[in-house]
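Protein chains in written order, with this note's numbering: chain A, 879 to 1292; chain V, 879 to 1292.
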């Protein structure tokens, strides 16, 4: 199918899906979950096809891991869909309503975005997770995964769309673009007539290309050069555990910390302590001259290091003269994603939260809490790096828009 | 100055402006208003320069009108700034806050967008209006007006930025790009590093170009192919006055109606009545065969007419078989801006408001009410045609984003 055909079908599906009640959507999500589990063997077989090709192409072990489905991972995908049924349906919520002096009654009512495009890389579970969140929030989705996972993705998309239709949803609520050449991604990025928003999920190159080439509105996600700043008045025990957790608890994700800044007044005491624990956890440290003078095991940091999202057990370490320098450096080198301060000084914490221009600003907590699940949203489709529409963790409400309904009795404007 | 320099200055201004309190901003707005009025003669002189060039270039009378400033129009611009001071400052509002089971306290706090780019056409008042709304909502603005109004715009931007600085604002909160060739607009559209959102204000061609060429997130504004549907159970007196008001009260704006759809059951009675009044108001009518069979003074409508935003005293008229056809035609030919139904049938009104996929859906009211002022917002920077971020009339709140502030006591993720 061409993008044009897929887009037309998605538009029709979105118009119908916007009117479907919460119970029907929840029933469909449960039916999809059941169908995924029932078809575990078929899914594993399709996935094995992807894995055979991937191994023949000599892809990395990490990619093989992301691509691999197991009965447990299929059950996790199914559970993700079931979990959505316990969340409130955002569609139809009256956000505000008021009466004008001329008697007009205005209501601002939550509606789905319409058609959501998702461009993503190897993980086949994104097919199910993204489609589920889109469905629950009343949106039709057009999914464009990578060629590596195409056999798994095709089957998963068919299973959930079929189960949805059987449970009473309009057809084509979930469509996968089966053509995985670059041209198909570009066409999706320019299908402004059919797609209301495009969310790229993957590495920096994918996100950059989507932002550059799209005419469809894009929500930029996920690049996190996150900082932890340890202030002069930090509780050093807390600070050590926050830094170590932020760096090592799951280093490959966007809310892991990449840079540590330490106030010069406590650097002599704090740096040796934190470096020891980080080193024991296998973290390679790269620092500025002041940090290296305190701990010689810290290697030299290049200019580039301060701007790098390692997504790995590497951390850049700098000594700063105080809060002003910390804030300036974070706003300069950070990616406006998530940054943390460790301090017992309420005034310093207040300035940090006001002046750091990031989606999530943490006080005495690990950067790893910047997450839809940890925020209590019950779901997450990504973490927005931009200010337009949604910022930080995005869940169901962030996948909606609104309309104004104006009720009158013949009013005209004079 | 290059866009790069302007962008860097705007970033610095935005960081400082985000921290300025409401009183200082309001004082600055009043100072700007005073300064505009005090410099009326200078402004008129600069404007005369633009007008001389425009006349020499043989531009249309309508454009000359839009370009012309008078003491009254300068006072109106000043009053617009003063009016902003009575509106609440959206910045710093705690939108939501909650405690997580692990003791983390999460607050969602309203913050400015940062740097807002405005690309606009001949009206010099946009320079002042847009800058004022951006300032009040804590945003630095980069304004890129047309060459036609460049002398007026340069002076207006300098007057308000100078008055702002004198009143305690950071410098460069308001910057005008003085270079008006196409290249400067393109550079602004791609200045993703410096600009958080771009809002085009002008004709369809300007908006199309901005959407096509920008990598900066864009809010698409203002194309309105608005419909009025007169249902079988409409009160025909109300319906006549709504149609006539929607079409003729100010035909050149985006919320004026362009298409009238009439239920076949009442077409014989209603069409002659409304056509008479519209014709007396100088409206040219173009219709389908059924409409023309009822009133021969209606000219034939081409396929293109149904998709045209005339912004003029022209209206397309169609007869439909009922609500289903009306909804389908509006969703197909409309621009998701504003559409109205005239009906006394509550069920029909309910279906219309749910199924019409437009920013503003009116029941028994003129489409002309789709307006920030008429909604009671006290200001308006444009009417969004898209679903991402803001939909419909945009005022101060729509010029903000938010950040999450997470306060803990040493929490780490397990």
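Beta carbons are placed, not taken as given, at the ideal position from N, Cα and C, and that holds for glycine.
Item	Value
Of the residues V:892, V:963 and V:1107, the one placed nearest residue 1193 of chain V, counting alpha carbons only	V:1107
Assigned secondary structure, residue 1238 of chain V (DSSP; H/G/I helix, E/B strand, else coil)	strand
Given 8 angstroms, three or more beta-carbon pairs between the segment 1215-1224 of chain A and the segment 1263-1272 of chain V	no
Beta-carbon proximity list for residue 1247 of chain A, same chain, < 7 angstroms, skipping 5 on both sides	1240
Whether residue 1282 of chain A touches residue 1253 of chain V by CB criterion (9 angstroms)	yes
Below-9 angstroms beta-carbon distance, residue 1282 of chain A vs any chain V residue	yes
Sequence-distant residues of its chain with Cβ nearer than 6 angstroms to residue 954 of chain V (five each side left out)	none
8 angstroms CB neighbourhood of residue 1185 of chain A in its chain, flanking five on each side removed	1103 and 1211
Selection from A:968, A:883, A:915 and A:905 that minimises the alpha carbon distance to residue 1278 of chain A	A:968
Under 9 angstroms between C-beta atoms of residue 1209 of chain A and residue 893 of chain V	yes
Inter-residue spacing [alpha-carbon to alpha-carbon] between residue 1229 of chain V and residue 1251 of chain V	27 angstroms
Cβ contact check for the segment 1049-1058 of chain A and the segment 971-985 of chain A: 3 or more pairs under 8 angstroms	no
Proximity of residue 962 of chain V and residue 914 of chain V at Cβ, strictly below 9 angstroms	no
Alpha-carbon to alpha-carbon, residue 1199 of chain V and residue 1154 of chain V	23 angstroms
CB of residue 1121 of chain A within 9 angstroms of CB of residue 1168 of chain A, strictly	no
Selection from V:1073, V:998 and V:903 that minimises the alpha carbon distance to residue 964 of chain V	V:903
Interface partners of residue 1186 of chain V on chain A, CB under 8 angstroms	Here the premise fails: no neighbours, minimum Cβ distance about 17 angstroms.
Check whether residue 1005 of chain V and residue 1260 of chain V have beta carbons under 9 angstroms apart	no
Spatially closest choice to residue 1009 of chain V from V:1091, V:988 and V:1036, by CA coordinates	V:1036
Length at least 4, wholly inside the segment 1089-1151 of chain A: the alpha helix (DSSP H) runs in chain order	1114-1126
Cβ neighbour criterion (16 or more within 10 Å) applied to residue 1292 of chain A	exposed
For residue 1232 of chain V and residue 971 of chain A, the rounded distance between their alpha carbons	12 angstroms
CB of residue 1021 of chain A within 9 angstroms of CB of residue 1052 of chain A, strictly	yes
8 angstroms Cβ cut-off: residues of chain V touching residue 1209 of chain A	893
Sub-9 angstroms separation of residue 995 of chain V and residue 1075 of chain V beta-carbons	yes
Under 8 angstroms by beta carbon: chain A residues contacting residue 1277 of chain V	Under the 8 angstroms cutoff, chain A gives no residues; its nearest Cβ is about 10 angstroms from residue 1277 of chain V.
Under 9 angstroms from the C-beta of residue 897 of chain A: neighbouring residues of chain V	1232 and 1233
Buried versus exposed call for residue 1136 of chain A [16 or more other C-beta atoms within 10 Å across all chains shown]	buried
Residues that residue 1050 of chain V contacts on chain A, provided the C-beta gap is smaller than 8 angstroms	Neighbours of residue 1050 of chain V on chain A: none; closest Cβ ~17 angstroms, over 8 angstroms.
Proximity below 9 angstroms, CB of residue 1172 of chain A to CB of residue 1146 of chain A	yes
Sequence ranges, beta strand (DSSP E) only - wholly within the segment 909-995 of chain A, length at least 3	972-977 and 983-990
Short CB-CB distance (under 9 angstroms) between residue 1158 of chain A and chain V	no
CA-to-CA distance, residue 888 of chain V to residue 1064 of chain V, given in whole angstroms	17 angstroms
Buried versus exposed, by CB contacts within 10 Å (16 or more), residue 1030 of chain V	buried
Span of the beta strand (DSSP E), counted from its first residue to its last, around residue 1217 of chain V	1216-1220
Candidates A:895, A:950, A:1086 and A:1001, of which the one nearest residue 991 of chain A by Cα	A:895
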